[in-house]
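Each residue of the sequence shown is one higher than the one before, counting from 1 in our numbering. Virtual Cβ for every residue (Gly too), placed ideally from N, Cα, C. One structure is given here, and the rest of the page talks about it.
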Amino acid sequence: MIPGGGMPDMQQLLQQAQKMQQDLAVAQDELARTEVEGQAGGGLVKATVTGSGELRALVIDPKAVDPEDTETLADLVVAAVQAANENAQALQQQKLGPLAQGLGGGSGIPGLPF
């Protein structure tokens, strides 16, 4: 609202909304290009995901491979991917959180995890 009870300038509001939309698109593009890593088993298994959560790489140290115990290896892979995704979510919060705050706190905005 404009002081004195007038209506807000709709053109200004539209420009602000367009700027926020552009900033959000830039941040999402940056997330899609940024890679983060998670690991398990003291680094025996490493997973790399993009900031948007896409799995890009999985590295398994030969010491983690025991043909008699594939369950442990599977657990390490799952743990490494989960750790990488947690790191990606933290990056999303860092990059998108301030933009979501500008959109009214972020709650209820489709596609945002916070």
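Does residue 53 come out as helix, strand or coil in the three-state DSSP assignment? Residue 53 sits at position 53 when you count from the first residue of the sequence shown. In the displayed model, residue 53 falls within coil according to three-state DSSP, outside both helix and strand.
Inter-residue spacing [alpha-carbon to alpha-carbon] between residue 29 and residue 75: Residue mapping note: residue 29 aligns to position 29 of the sequence shown, counting from 1. Residue mapping note: residue 75 aligns to position 75 of the sequence shown, counting from 1. In a straight line, the C-alpha of residue 29 is about 31 Å away from that of residue 75.
I need the straight-line Cα distance from residue 83 to residue 47, nearest angstrom please. Position 83 of the sequence shown holds residue 83. Position 47 of the sequence shown holds residue 47. Cα to Cα, residue 83 sits roughly 8 Å from residue 47.
At a cut of 8 Å, does the region 31 to 44 reach the region 58 to 75 through at least three beta carbon pairs? Under the Cβ criterion (8 Å, minimum of three pairs), the region 31 to 44 counts as touching the region 58 to 75.
So, are the CB atoms of residue 13 and residue 95 less than 9 Å apart? What you label residue 13 is simply residue 13 of the sequence shown in a count that begins at 1. What you label residue 95 is simply residue 95 of the sequence shown in a count that begins at 1. It is not a contact, given that the beta carbons lie outside the stated cut-off.
Anticipated Cβ contact below 8 Å, residue 51 with residue 91, distance rounded: Walking along the sequence shown from the start, residue 51 turns up at place 51. Walking along the sequence shown from the start, residue 91 turns up at place 91. Taking the Cβ atoms as the reference, residue 51 lies roughly 4 Å from residue 91, within the contact range of under 8 Å.
Just tell me which of 80, 11 and 27 has its CA closest to the CA of residue 36. The residue given as residue 36 occupies position 36 in the sequence shown. Distance check between residue 36 and each of 80, 11 and 27 places 80 closest, using alpha-carbon atoms only.
Please classify residue 137: is it buried, with 16 or more other beta-carbons within 10 angstroms of its beta-carbon, or exposed? With the chain represented from 1 up to 114, any question about residue 137 goes unanswered, as that position is not in the structure.
Identity of the residue in 23, 93, 55 and 8 nearest residue 77 by Cα: By 1-based counting over the sequence shown, the position of residue 77 is 77. Looking from the CA of residue 77, the closest CA among 23, 93, 55 and 8 belongs to 55.
In or out: residue 88 buried (at least 16 other Cβ within 10 Å) or exposed? Numbered from its first residue, the sequence shown carries residue 88 at position 88. Buried, since its Cβ has 16 or more Cβ neighbours within 10 Å.
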